[in-house]
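Let me begin by presenting the structure, written as C-alpha cells, before commenting on it.
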DNA sequence: AGTAATAGTTGCTCTATATCAACGTTTTGA
DNA sequence: TCAAAACGTTGATATAGAGCAACTATTACT
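Residue numbers (full-length UniProt numbering), protein chains in the order written: chain A, 1 to 189; chain B, 1 to 189.
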C-alpha cells in the first residue's frame, strides 16, 4: 500500500500491516494533468479519491455561470462528491485537479463494502464525515456572521497553504466574493 | 423504547425488537420549557439529544452580539453540538429549545460506546453525519452563489415546516440576513 | 523564446442589504 | 386581563461588495 495512505490509516485507527496490505488492492493509482476533470455536473460519482500529491477542487457552477468552490483536498486527504456518492444522484458539482496530481481511487461499491465490513475503514469514513462536519459548521458561521475580510483572515489562519498554492480567482470563489474584492482585501491584511 | 425513536431506528437499520429494548436504558427522557437552554457557549457538550416533540435550535453569537442559527432539529431528529461532542472542546454554540419540548438524551460516553459496539447505532450515526454533509453542502453553495431571496425560496422548498413554526427573527438568523430584510423579501415571494 | 491567454490590480459606478427610527401587532407572564 | 415586552413592518439613509473597463503582470503553449 502507498506510504501516504498507510500513514493516513495509522493516524486514525489501529491496524496491522497484514490487514493494511489486504486493503491495498482496492485502491488503484491514477495520474492526472493540471485542470483535468474527474467528475462533471450531471454525472453520477462512482469513486472516492485519495490525494497522494497535488490537489483536487470541488466546485459547482450557479445559474449565472459563476463558479463556487466548496472544498480543496490537498495531499493526504480524501476528496470526492460524497453527496452524489451517498445518494447515487447526479452530481451538482465538478471534481477537478488544480495541479498535476497522483491519486488513489476506490470504487463506490468497494468503499461502502469496506465501510460495512472493515472496522478500520468504518473508522476512517467516520473520521472523514466528522471532520467535514466540523469544518463546514465553522464555514457556515463564517458566511452568516462575518464580513469578507474576516473570512479571508479565517481562511489564512486555518489553511495557510491555500493562499500560496491556489489562484486568487479560485480563493475568491471559495470565499464567496469576486476576485476584484479579494484583490482589494489583500491590501488590508 | 419510545415509539418515535423506535421508528427512527427501523427506518435506518435492520434491528430486532429485543435489541432495541436493550438500547432503551441508554436514553433518558427530559422535558424542557420554551426558550430553555441545554448548552451554552463555553460549556463542553456532554449529551446527544433526540427530539420527541418540539424543536431545538443550534446557534452562536458573533463578536457584535448577533445571533446566527446553524440548525433546527424538529421532532424525530437528533440535535447536538457534534463539534464539541467529537472534539471535547468547549462549544462555540448554544442549544436552545424553541418550543416546549420532550427530548431523549444519551451521554457522550454511552453514545460513542454504542457507535463502536452496536452496528445499528454505528449505522445511525453514519446516517446523521451523512445527512448533515448533504444538507451543509447545499447550504454552503446557497451562501456562496445565491442572493437572499433565492436562499429564502430554497429554505421554503426544503423545509416548509420552518416558516410556519419559527419566528422570523430566527429564520433571518438562519439565512444570514437581518429581520428587516426578511420582512421585505416575504413581500416578493 | 515569443506571443497568446490567463490572472491580478485599480478607479468608477451601481445595487443589495444593513442600519436606524418610528410605529403597529402579537405574545407573555404577574 | 392587561401592561410590558417581544415581534414585525416600512420609510429613509448608509455601506460593503458587485460589475465594468482599462491596464499590467504572469503563465503556458508551439
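A virtual CB, placed ideally from N, CA and C, is assigned to each residue, including glycine.
- Not flagged as an interface residue toward chain B: residue 153/A, since no C-beta distance is shorter than 8 Å.
- Cβ-Cβ distances below 6 Å link residue 61/A to 67 in the same chain, with the five nearest sequence neighbours on each side left out; the list follows chain order.
- Along the region 129-157 of chain A, the positions whose C-beta sits under 7 Å from a C-beta of chain B are 129, 130, 132, 133, 134, 136, 137, 139, 140, 141, 143, 144, 145 and 146, read in chain order.
- Scanning chain A for C-beta atoms nearer than 9 Å to the C-beta of residue 176/B yields 140, 143, 144 and 145, reported in chain order.
- For residue 83/B, the closest Cβ of chain A is nearer than 8 Å.
- For residue 13/A, the closest alpha carbon among the candidates 45/A, 54/A, 121/A and 94/A is that of 121/A.
- Those residues of the region 7-18 of chain B placed with their C-beta closer than 9 Å to a C-beta in chain A do not exist.
- In this structure, DSSP gives residue 96/A an extended state, which the three-state scheme calls strand.
- Here residue 44/A is bridged, per DSSP, to 90/A.
- The DSSP-derived three-state label of residue 78/A is strand.
- By the Cβ test, the region 13-29 of chain B is not in contact with the region 174-187 of chain A, since fewer than three Cβ pairs between them sit closer than 8 Å.
- Rounded to whole angstroms, the gap between the alpha carbons of residue 107/A and residue 181/A is 40 Å.
- Rounded to whole angstroms, residue 29/B and residue 114/A show a C-alpha spacing of 36 Å.
- Counting other Cβ atoms within 10 Å of its Cβ, residue 157/A stays below 16 and is therefore classed as exposed.
- For residue 187/A, the secondary structure class from DSSP, reduced to helix, strand or coil, is coil.
- In the three-state scheme derived from DSSP, where H, G and I count as helix and E and B as strand, residue 130/A is classed as helix.
- Unbroken alpha helix (DSSP H) stretches of 4 residues or longer found wholly inside the region 1-48 of chain A: 3-12 and 17-23, given in chain order.
- Between residue 107/B and chain A, the shortest Cβ-Cβ separation is not below 8 Å.
- The beta carbon of residue 62/B sits closer than 8 Å to some beta carbon of chain A.
- In the DSSP assignment, residue 101/B falls within the beta strand (DSSP E) that extends over 101-107.
- Rounded to the nearest whole angstrom, the C-alpha separation of residue 83/B and residue 134/A is 5 Å.
- For residue 146/B, the secondary structure class from DSSP, reduced to helix, strand or coil, is coil.
- Residue 70/A belongs to the set of residues whose beta carbon lies under 8 Å from a beta carbon in chain B.
- Boundaries of the alpha helix (DSSP H) harbouring residue 164/A: 160-165, taken from the DSSP string.
- Here DSSP, grouped into helix, strand and coil, assigns residue 72/A to strand.
- Sorting 63/B, 170/B and 91/B by C-alpha distance to the C-alpha of residue 98/B places 170/B at the top.
- Residue-level contact by beta carbon fails for residue 57/A and chain B, as no gap is shorter than 8 Å.
- With a 10 Å radius around the Cβ and a threshold of 16 neighbouring Cβ atoms, residue 117/A comes out exposed.
- Annotation for residue 47/B: 80, 105, 106, 107 and 108 place their beta carbon closer than 7 Å to its own, counting only its chain and skipping 5 residues before and after.
- Between the C-alpha atoms of residue 6/A and residue 27/A there is a straight-line separation of about 12 Å.
- Think of a sphere of 8 Å around the beta carbon of residue 86/B: the chain A residues whose beta carbon falls inside it are 130, 133 and 134, in chain order.
- CA-to-CA, the gap between residue 94/B and residue 137/A works out to about 13 Å.
- Assigned with DSSP and collapsed to three states, residue 111/A falls in helix.
- Straight-line measurement puts the Cα of residue 31/A at about 43 Å from the Cα of residue 73/B.
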